[in-house]
Structures are given as C-alpha cells and as structure tokens.
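A.B. asks: Before I ask anything, let me first share the structure, which is written out below as structure tokens.
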Amino acid sequence: MKKTVHIPALLPGRWLLLLMLFVVLVYSCKKEEGEDQPTQTDQYLSVKKKIFSVMQYWYLWNHDLPTVNSANYSTPDAFLDALRYKKDRYSFIMDRTEFLNYFNEGTYYGHGISIGADAEGNLRIVFIYNDSPLKAAGVSRGWIIKSINGTLIQPGVDVTALLGKNEAGVENTFVFIDLQGQEHTVTSAKKAVAINSVLYKGVLQAGTKKTGYLVFETFITPSVAELDSAFNFFLSENIDEMIVDLRYNGGGEMNVAVHLSGLLASSAAAGKVLVKMEHNTDRSSYDTILTVPNNVQSPALSRLFYIAGRGTASASEVLMNGLSPWIPTITAGDSTYGKPVGMYAFDFKPDPYFFVPICFKLTNANGFGDYFDGLPADYYVGDDLTHDFGDPEEAELKAVLTYISEGHWPVTKAARKPVTGFGFNKLKGIRADYRIF
C-alpha cells in the first residue's frame, strides 16, 4: 500500500451534521504482489482494503480494531460499521462528487431548506438558504409543510422518500401554511443550491445594550468572507454584547473555527490556546496546538453568549470549549451534541469515495475534552420554530436578551421535545431533529 499525503485548502463537513475536517489526504492503493484484486463478487474490495489500511494507521482507536472478514459485508458502509470503536458515531464514507461539490464549492443539490418537527407534530421550515427557489416564492422559517405531492404530512410519513433523489430537476409540490395561517401551494425543482452559512446578522436592543446577533450554520470555506462581512457590520454598530447562534451548526472546517475565534475574542484571547489535537499513540508526531488569532475586526467583548442545541457539534463545540478558559461564556438552549474528536478526509480516487474517520481527540487549554454527552447549557429552553431569526419573541433569543437586560433568565415552562417519525431522525447513527433537503 502506498499513502501520499497532500495538504491543500482545508475542506469542511456537511449536512451529516458532525464533521470536522482538518486536512485532506489523498490515498492511493498500489497493487502489491499477492494482493487480492476486486472481483465480480466483491466490487468494493479495493475500497474496503483502503478503509482498513487507513484505520490501522490513522484511526484514533486503531489498537481496538476488531478482526473481521471484509467478504461478510456487502457495502463499504457496512464494513465501516463493523470496524467502529464503541464511541465512534461519526466516521463515514461518502460519494466523492457530493463531497467535493459541498466542500469546495459550498453547494449541494436540493430545495435549499432545512425542515424539522415541532412538539405538536407539525413539520416546519427550520431555515432556508438565500439561493433556495422556495425562498424566492416567499417561504420562510416557521412555515408548516401541510403536504408534499398530495401526501398529507404526519408522523410516520417518510419525507425523505417523498422528496426523491437529490438531483437537478426533481420536482416537488408543497402546500405550506404560513405564520398567519394562510395556505400556499408551491412547486419547486431541485437545483445546485449555494449555501450561505450566515443565516442572519443583526443588532438588537437589550435594555441599554446594543447586542449583535449572528446565526451561523456551517463552517465552510466561503464562510470566512461571510463572517468578515458580518463582523465589519457589528463593529460599525459599536455593539456591547454578542450572541452567536449555533443551534443548527454541526461543524466543518477547523481553520474557519479558528478564524471565528479571532473575530469573537481577539481582545481577550489572542495568541492563547484554542484547541489541542491529539492523535493515536503511533501518530503522536502529528499532535497540534491551534491558537486564537489576533484580528482587528474583533469587537472588545467582555463575555460571549451562545444559543446551542443537540445539533451543535464538532467545530462549534471546539469554538465554545476553546474560548471558555479566556472569556466568560453563557449558553441558552440545550446541551450540544457531543463530538470531542476530529477527522481527516481521505480521497480514495480513482474509487468514487471520500473516507472521513475519527483521527484525533480535542481538548482546550485546560485539558478539558471528552464531552461525548455534550457541553451543557446554562439555561434550557426549547427551539421556537414559530418565530423567524432576529424576532425578539423567539424563545431562545428572548431568553438571552432577558438575561442581558435584566440579569436573570426568564421563567418558562419546561420545553417539549420535537416529534419524531418523519423518516429523517437518524442519519448514519447521528440524531437529527431536522434535516437539509
């Protein structure tokens, strides 16, 4: 086996929600004498050999790999599942074209929407990208999806199957109910949707404090320009406080997380350790420390507020955990997902796959990591899908604004859990209360 390592621009993770990619490694497999070649009975033999070799070398738990016979597993996914360590709910293998479309270009094929269920069993728009054809038709966060292609939406309906393949031109007809109770019928064709990772930026008044509010959805290469623009805006507004809403942010590129750490906290943490990355004992020479950059676009903040939830993972958690030793942080919403480990992406070309296994663990300057159950919130409040981003009456945002203006959390009823059973609440072992289509 021959392994060739290249370190180009960093590539991110995606809608699988929990990726943290640091470099891309191009993995080639050279035939050695006596090595078995793929046969008609096992078209994936080459891919499975590469998976096993990568995991022997790079996998964080490489000394705990079981002895398995690859012939007993019909797909690369099944073979990977057989090799996983018990704590690993994250490693995955993905179609190469889909991976590169998202990671390099910030695009994917779909309708440009995220959907999720509320506690009453309504399926609602969680967020919508600017490039979505549905946004052009007026659809916004909070709208209920009443039916798709004539099928009434209720728990038990497989929405993923209803919407069909993620290919350009696949049409679906939606009946929506807007926030005023009016119905709208919209037919939309899937397309290559450009992702805007900044879903919202604005300034809100909380008592006497001008408060910046940023809804940030994913850490990808185009995010850097979006974040710089947002923080230029916040600086021009002379904000006193900052709320970073990461409730739907499942992670992505580590270098983007580092960049955002500098935008948020350079005045308090420039040059300080953000994250330590520790590999398996055989690859300890690759252990790395990343620090908070000094960024002139950083407002002079004395504390940070986060909105987080079970969809907050990976690079988002690195940001929250990494800055906590240096600046007071206060979180509303829910505990985060829990992914204190990171990944490298291996390009298996000419095989049409990227393989993304767990390769290192993550800790902050104080050595705190191992948060597999998530980072806890300071105040628990349920996601409010009935109000748009920036609406001061939206429950999670309202809680933080109340804390800033009054110095205490509001008194609220216990949050009700969203209803499951729409065919997308489990993705490759990952809990998902919402999904992007």
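FYI, the numbering for the sequence shown is 828 to 1264, going by my numbering. Ideal Cβ positions, reconstructed from N, Cα and C, are used throughout, including at glycine. The model shown is predicted, which means the values in this text are computed figures rather than measured ones.
Which whole-angstrom value describes the C-beta separation of S1015 and E998, a residue pair presumed to lie in contact below a C-beta threshold of 8 angstroms?
C.D. replies: For the purposes of this step, residue 1015 is identified with residue 188 of the sequence shown, where counting begins at 1. For the purposes of this step, residue 998 is identified with residue 171 of the sequence shown, where counting begins at 1. Indeed, because the Cβ distance is near 7 angstroms, the residues count as touching under 8 angstroms.
A.B. asks: So D1210 and R1074 are in contact, right, with Cβ under 8 angstroms, and what is the actual spacing, rounded?
C.D. replies: Numbered from its first residue, the sequence shown carries residue 1210 at position 383. Numbered from its first residue, the sequence shown carries residue 1074 at position 247. So it is a contact: roughly 6 angstroms between Cβ atoms.
A.B. asks: Round the Cβ separation of M1069 and L1128 to the nearest angstrom and send it over; I've been treating them as touching at under 8 angstroms.
C.D. replies: Here residue 1069 refers to the residue found at position 242 when the sequence shown is read from its first residue. Here residue 1128 refers to the residue found at position 301 when the sequence shown is read from its first residue. Contact flag correct, Cβ pair sits at about 5 angstroms.
A.B. asks: Give the straight-line distance between the Cα atoms of T1115 and V1102, rounded to the nearest whole angstrom.
C.D. replies: As a first step, residue 1115 must be located in the sequence shown, where it is residue number 288. As a first step, residue 1102 must be located in the sequence shown, where it is residue number 275. So the alpha carbons of these two residues sit roughly 8 angstroms apart.
A.B. asks: For a test of the three-state rule: what should DSSP assign to L848, helix, strand or coil?
C.D. replies: As a first step, residue 848 must be located in the sequence shown, where it is residue number 21. Only weak support is given to the placement of L848: the predicted model assigns it a pLDDT of 44, under 50, and the question is left unresolved by the model.
A.B. asks: Does DSSP put R951 in a helix, in a strand, or in coil?
C.D. replies: Within the sequence shown, the letter at position 124 stands for residue 951. Three-state DSSP puts R951 in a strand.
A.B. asks: Assuming S1088 and G1039 are in contact, meaning their beta carbons sit under 8 angstroms apart, how far apart are those beta carbons, in whole angstroms?
C.D. replies: Position 261 of the sequence shown, counted from the first residue, corresponds to residue 1088. Position 212 of the sequence shown, counted from the first residue, corresponds to residue 1039. In fact, because the Cβ distance is near 16 angstroms, the residues do not count as touching under 8 angstroms.
A.B. asks: According to DSSP, is Y936 helix, strand or coil?
C.D. replies: Reading the sequence shown from its first residue, position 109 is the one you call residue 936. Looking at Y936 - three-state DSSP - the assignment turns out to be strand.
A.B. asks: Quick check on this structure: which residue in A1226, D891, L950, N976 has the alpha carbon closest to the alpha carbon of G969?
C.D. replies: Counting from 1 along the sequence shown, the entry for residue 969 is found at position 142. Selected option, being the one with the closest Cα: L950.
A.B. asks: Hey, could you find the ends of the alpha helix (DSSP H) S1143 is sitting in?
C.D. replies: Sequence index remark: in the sequence shown, residue 1143 carries index 316 (1-based). Its alpha helix (DSSP H) spans residues 1142-1150.
A.B. asks: Would DSSP call K858 helix, strand or coil?
C.D. replies: Here the question's residue 858 lines up with position 31 in the sequence shown. Note that K858 scores 40 on pLDDT, short of 50, meaning its location in the model is unreliable and no value can be drawn from it.
A.B. asks: Quick one: Cα of S918 to Cα of D1072, how far?
C.D. replies: Walking along the sequence shown from the start, residue 918 turns up at place 91. Walking along the sequence shown from the start, residue 1072 turns up at place 245. Roughly 26 angstroms separates the two Cα atoms.
A.B. asks: So K1037 is in the beta strand (DSSP E); what residue range does that whole segment cover?
C.D. replies: Residue numbering aside, residue 1037 sits at position 210 when the sequence shown is read from its first letter. Counting along the chain, the beta strand (DSSP E) containing K1037 begins and ends at 1036-1043.
A.B. asks: If we ignore side chains and look at the alpha-carbon of each, how far apart do G1169 and Y900 end up?
C.D. replies: If you number the sequence shown from 1, residue 1169 lands on position 342. If you number the sequence shown from 1, residue 900 lands on position 73. C-alpha separation (whole angstroms): 26 angstroms.
A.B. asks: In the DSSP assignment, find the alpha helix (DSSP H) that holds D904 and state where it starts and stops.
C.D. replies: Counted from its first residue, the sequence shown places residue 904 at position 77. D904 -> alpha helix (DSSP H) spans 903-910.
A.B. asks: Could you tell me if D1174 is buried or exposed, where buried requires 16 or more neighbouring beta carbons within 10 angstroms of its beta carbon?
C.D. replies: On the sequence shown, residue 1174 is found 347 positions in, with the first residue counted as 1. Buried is the call here.
A.B. asks: Spell out the partners DSSP gives A1159 in its beta bridges.
C.D. replies: On the sequence shown, position 332 is the one that residue 1159 refers to. Per DSSP, I1134, Y1206.
A.B. asks: Who are A1019's beta bridge partners in DSSP?
C.D. replies: Against the sequence shown, residue 1019 aligns to sequence position 192. Partner(s): Y936.
A.B. asks: Excluding the five sequence neighbours on either side, which residues of its own chain have a C-beta within less than 7 angstroms of the C-beta of F1264, listed in chain order?
C.D. replies: Residue numbering aside, residue 1264 sits at position 437 when the sequence shown is read from its first letter. Closer than 7 angstroms at the Cβ level, and outside the excluded window around F1264, lie G937, H938, I940, I942, L990.
A.B. asks: What is the DSSP secondary structure of L1212, reduced to helix, strand or coil?
C.D. replies: Residue 1212 sits at position 385 when you count from the first residue of the sequence shown. The answer is coil: DSSP assigns L1212 none of H, G, I, E or B.
A.B. asks: Could you spell out where the beta strand (DSSP E) holding F1003 opens and where it closes?
C.D. replies: Within the sequence shown, numbered from 1, the residue matching residue 1003 stands at position 176. It spans 998-1004 - the beta strand (DSSP E) in which F1003 sits, taken as one unbroken run.
A.B. asks: Pull up the DSSP beta-bridge partners for T1105, would you.
C.D. replies: On the sequence shown, position 278 is the one that residue 1105 refers to. This sequence places Glu at residue 1105; Thr is not what is there. Paired residues: K1188.
A.B. asks: Hey, could you find the ends of the beta strand (DSSP E) K1028 is sitting in?
C.D. replies: Stepping through the sequence shown from its first residue, residue 1028 is reached at position 201. 1025-1033 is the span of the beta strand (DSSP E), which, as asked, contains K1028.
A.B. asks: Can you tell me which of N1107, L1091, T1048 puts its alpha carbon nearest to the alpha carbon of G1079?
C.D. replies: Along the sequence shown, one-based indexing puts residue 1079 at 252. The shortest Cα separation from G1079 among N1107, L1091, T1048 belongs to T1048.
A.B. asks: Who are the near neighbours of H890 in its chain, counting only those whose CB is closer than 6 angstroms to its CB and skipping five residues on each side?
C.D. replies: One-based indexing of the sequence shown puts residue 890 at position 63. Cβ neighbours of H890 beyond the five flanking positions: none.
A.B. asks: Measuring alpha carbon to alpha carbon, tell me which residue in A1052, G1077, V953 is nearest D1005.
C.D. replies: By one-based count along the sequence shown, residue 1005 stands at place 178. Selected option, being the one with the closest Cα: V953.
A.B. asks: I need the straight-line Cα distance from K1166 to Y935, nearest angstrom please.
C.D. replies: For the purposes of this step, residue 1166 is taken as residue 339 along the sequence shown, with counting starting at 1. For the purposes of this step, residue 935 is taken as residue 108 along the sequence shown, with counting starting at 1. Taking the straight line joining both Cα atoms gives about 24 angstroms.
A.B. asks: Sort E1010, T1012, K1018, V1085 by Cα distance to P960 and report the nearest one.
C.D. replies: Within the sequence shown, numbered from 1, the residue matching residue 960 stands at position 133. Comparing Cα positions, the closest option is K1018.
A.B. asks: Which partner residues of T1115 appear in the DSSP bridge assignment?
C.D. replies: Residue mapping note: residue 1115 aligns to position 288 of the sequence shown, counting from 1. Its beta-bridge partners are M1104.
A.B. asks: Within 10 angstroms of its Cβ, does N1059 collect 16 or more other Cβ (buried), or is it exposed?
C.D. replies: Taking the sequence shown and counting its residues from 1, the one referred to as residue 1059 is at position 232. Label assigned to N1059: exposed.
A.B. asks: Can you tell me which residues form a DSSP beta bridge with M1069?
C.D. replies: As a working mapping, residue 1069 is identified with position 242 in the sequence shown. M1069 pairs with G1039.
A.B. asks: Am I right that I1022 and F1001 are in contact with their C-beta atoms under 8 angstroms? What's the rounded C-beta distance?
C.D. replies: As a first step, residue 1022 is located in the sequence shown; it is residue number 195 there, counting from the start. As a first step, residue 1001 is located in the sequence shown; it is residue number 174 there, counting from the start. Not a contact, Cβ separation roughly 21 angstroms.
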